[in-house]
Every structure is written in structure tokens, then in C-alpha cells.
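Here is the structure we will look at.
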Amino acid sequence: MAVSAIASTPHSVLKERGLSAKTWNNKVAHMRALYAFGINKKYIPLKENPFHEMVVRADTKLKKTLDDQQMEKVYSVMGRFEEMEKQGRAPGRCALLPTHFWLTVLDTLQYTGMRQNQLIHLRQGDISLKGGWIMLQAETAKNHRDYRIPVAGLLKPRLSRLLAEMKLRGMKPTAQLFNVDFCKGNSRIEAMPLQTIRGFFRRLSKECGFKVSPHRFRHTIATKLMRSPNRNLHAAKNLLGHSSANTTLEYVENDVDSLREILDSELPAVKKKGRKKDPSSGSGS
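Every letter in the sequence shown is one number past the one before it in full-length UniProt numbering, and letter 276, counting from 1, is 276.
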């Protein structure tokens, strides 16, 4: 398709190819940079970059999160399989086992908000329990910089037990921490494939009856922090590793409960005022 045709009907192209506005804008940004280079080097016989005016406005949708009841369900399901595992009744080949390993994965996602890519590339030596921090490497971050996030008190118990276990099994500081095969005693497999963690969340979602994913944990902690944006904006921005506060502000949602309280308290007052009889009005009108 010619560039001119795309530029004149971007929304038609989006609909035809099933692309989101975000995906479109990412592709446009790459093409704009490519054309800018080509025009500058005289490889492309154009004076103006045709991709300058091709950004489309993206729809703003609510972030998909896990509410309190869903979070309780997630841990209830894992608790059920943990009990079955202790009693020797757990299925032989189950993506939720060993439960202590996967519960540590869930705690890490819940209390750090890190991305799936950051989780699977986390090394044993990236964590300092003494210092109370986790180092996230630049190569796994969208902003391409190293940054530290805290080890929350609620995360520390399971994380410290898993670290101690992995060290006893001979894990090196440069090795992938969340390697379920290493946890099972198979040290020959140096890295846990992405398919393994996807399989875990697929099975967990099936058991829970709703979608559970690493990014929903990230959206959940961000949304909770941003319920008080004046107090938590800087903290949320640093925890999520955002370069711009504008990205963090996308997690600000209308507090429906607060809005309901305002409506319940204010609307009756307005209604009462409207019912007051006008003393100047006559009775025969």
C-alpha cells in the first residue's frame, strides 16, 4: 500500500488489519525515523517526511486489574494445591507445582509490579535482602536504565526462603532466580523458558475462572497507589520505572465509591431546595 493511501485513511487501515492505535503509533514512529534518515541522506527523493502527520489518537481504556476478591481467589487456589502437595495428593504433572516457588512468583509480582520480562531475567545476585532492594537491569526495562525497587515487608518471607533454597542447591549469583527446573533439582536447565510461566498463568486462570497475568498484577499495584496521586505519584513512577509521570498518571481512575458518597450527600440537598415553595406565587395560577 502506498504511503499516501495510508496517510489519507489511517483509521480504515487500522480496522482492516485489526491494529490498535498504540501499535499503529509505534509503527509510525519507526517509519518516521527511517524516512527521516533516508531523506537526510538523500536516499529518498522527498522534502517532507510523510509520517509526520500520521499519528492517531489512542482510546483510553481502563487498566485490567485484579480486585480484592479475585486476589483472594488466586491465593485460595494456590493454597488448595499447596495442601494437596503436602498430603501427596497433587497431580503428577501440574503447572502450579511446586507451590512454594509459584507463590513466591505471585508475591514478587504483587508487591513490586515488575514486568514479566523483568521477572524472568531476575538473577539471584540482583537481590539484596540486607539492603532491602532488587536491582532491575537496563536490558529488561523499557526506559533502558538500571533502577532499584524495594523489597516490601510482605514480600520478604517467601523471597528469602526461595533465595536460601536456591543457594543451597548451588545457584550462582548470575543465574536466573525464577527457574522452576532448578528449584525441582534439575540444575542442567540454565533458564526457565517463557512458555513455562505462560503455562502457569494459563492453568491458574482456568482454576480461578478469570484471567490472571503478570501485567494485571502490575496494573493492580499501580492503580492502588494512584488512588492517592498527590501523595504517591513519585513513588509509583519510581516503582514502575516510568520515564514520564504522564505514563504513571494513566493509572488514575475515578474513585466510584467517593463519587457515590458525594452524589448521595449533595443531590438530596439540591432536591429539597428545588421543592421550596415560592412565596410570591399565587394560588390561582
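Each residue gets a CB set at the ideal place from its N, CA and C atoms; glycine is no exception.
Predicted model only: the values in this text are computed from it and were never measured.
Q. If you check the beta carbons only, do R216 and A95 fall under 9 angstroms apart?
A. no
Give the DSSP-derived three-state secondary structure of residue 304 in the structure shown. Given that the chain is displayed from residue 1 to residue 285, the structure contains no residue 304 and the question cannot be resolved.
Give the straight-line distance between the Cα atoms of T248 and T99, rounded to the nearest whole angstrom. 33 angstroms
Which of the three DSSP states is assigned to R123 in this structure? strand
| Near T196, which residues of its chain fall below 7 angstroms by C-beta distance, leaving aside the five closest residues on each side in sequence? | V180
* May I have the straight-line CA-CA distance separating residue 340 from V28, to the nearest angstrom? => Outside the modelled stretch of the chain, which goes from 1 to 285, sits residue 340, for which no answer is possible.
Three-state class that DSSP yields for Y111 in the structure shown = helix
| said: I'd like the list of long-range same chain contacts for A245, defined as Cβ closer than 7 angstroms, with 5 residues on each side in sequence excluded. | reply: L233 and K237
Relative to the C-alpha of N25, which candidate in R57, R93, N40 and P193 has its C-alpha closest?
R57
Practice problem: Tell me where the beta strand (DSSP E) around P214 begins and ends. | Solution: No beta strand (DSSP E) contains P214, which is instead part of the alpha helix (DSSP H) from P214 to L225.
| said: Using the three-state DSSP reduction, which class does I189 fall into: helix, strand or coil? | reply: coil
| said: Rounding to the nearest angstrom, what Cα-Cα distance links I120 and P214 in this structure? | reply: 11 angstroms
Per-residue DSSP class, three states only, for I39: helix
Can you tell me whether F37 is buried or exposed? The criterion is at least 16 other CB atoms within 10 Å of its CB, across all chains shown.
exposed
Quiz item: Where does A235 fall in DSSP's three states?
Solution: helix
Could you give the DSSP three-state label for R148: helix, strand or coil? strand
Straight-line Cα distance separating N40 from V256: 52 angstroms
**Message:** Going by beta-carbon coordinates alone, are M71 and T220 separated by less than 9 angstroms?
**Reply:** yes
What is the DSSP secondary structure of Q87, reduced to helix, strand or coil? coil
Exposed unless 16 or more other CB atoms sit within 10 angstroms - verdict on Y43:
exposed
Proximal residues to V252 (C-beta, below 7 angstroms), its chain only, five neighbours per side dropped
M226 and P229
Exercise for the section: Give me the Cα-Cα distance between K142 and M114, rounded to the nearest whole angstrom. Expected result: 11 angstroms
*What separation, rounded to the nearest whole angstrom, lies between the Cα atoms of G92 and E85?*
10 angstroms
Run of the alpha helix (DSSP H) containing T248, from where it starts to where it stops: A245 to L249
For S285, which residues of its own chain have a beta-carbon under 8 angstroms away from its beta-carbon, when the five flanking residues on both sides are left out?
-> Reliability of the predicted coordinates at S285 is poor, the pLDDT of 47 falling under 50, and no value is obtained from them.
Thinking L154 and F101 are a contact (beta carbons under 8 angstroms), I'd like their distance in whole angstroms, please. With 8 angstroms as the limit, L154 and F101 do not qualify as a contact, their Cβ atoms being about 18 angstroms apart.
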